Amino acid sequence: MVSKVIDNPSSSISFWLSEIPFTSPIIMIIRIAMGIGDSSVELWEIILSLFLLVFTFIVTTWFSSKIYNKGVLSYGKKISYSEIFKWLKS
Numbered sequence: 002m003v004s005k006v007i008d009n010p011s012s013s014i015s016f017w018l019s020e021i022p023f024t025s026p027i028i029m030i031i032r033i034a035m036g037i038g039d040s041s042v043e044l045w046e047i048i049l050s051l052f053l054l055v056f057t058f059i060v061t062t063w064f065s066s067k068i069y070n071k072g073v074l075s076y077g078k079k080i081s082y083s084e085i086f087k088w089l090k091s
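Under this note's numbering, the first residue of the sequence shown carries the number 2, and numbering increases by one thereafter.
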């Protein structure tokens with residue numbers, strides 16, 4: 002995957018990998034470092050990547066805190082996925 006980004010930092014796969022929050026920290030750094038001249042990274046791509054990364058961090062932290070808050074009270078019980086989804090809805 003990284004070799005494809007290094008070969009062509011302006012390709013569509015490079016763009017999408019740099020926007021996915023789980024791969025964006027590494028791929029975007031590679032694209033910025035390799036993007037000299039015609040294949041430079043646009044400012045809006047960097048802003049979009051950072052926004053998606055921060056947004057995903059906030060959402061997963063919020064979900065995790067709700068699950069942890071309810072899970073602490075359920076100590077010793079076996080918890081099902083349906084119960085976790087009920088916690089997230091409440």
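The C-beta atom is built at its ideal place from N, Cα and C for all residues, glycine as well. Please read all numbers here as calculations on a predicted model, not as lab measurements.
Could you say which of the options lies nearest to residue i if we only look at CA atoms?
| i | options | result |
| --- | --- | --- |
| I30 | L53, S12, V6 | V6 |
| G36 | N9, I80, M2 | N9 |
| L89 | M2, L51, Y69, V42 | Y69 |
Kindly indicate the opening and closing residues of the alpha helix (DSSP H) around residue i.
| i | result |
| --- | --- |
| P26 | 25-35 |
| Y76 | Per DSSP, Y76 belongs to no alpha helix (DSSP H) and is neither H nor E. |
| E84 | 82-90 |
| I21 | Where I21 is concerned, there is no enclosing alpha helix (DSSP H), given that its DSSP letter is neither H nor E. |
Run the CB neighbour count on residue i, radius 10 Å, all protein chains shown included, and call it buried at 16 or more, exposed below.
| i | result |
| --- | --- |
| I28 | buried |
| S65 | exposed |
| V55 | exposed |
| S13 | exposed |
Indicate whether at least one CB of chain D lies closer than 8 Å to the CB of residue i.
| i | result |
| --- | --- |
| V55 | Reference to chain D is not applicable here, since this structure consists of a single protein chain. |
Under three-state DSSP, which class holds residue i?
| i | result |
| --- | --- |
| I14 | helix |
| S41 | coil |
| N70 | helix |
Quiz item: How do the segment 40-52 and the segment 13-29 stand: do at least 3 beta-carbon pairs fall below 8 Å, yes or no?
Solution: yes
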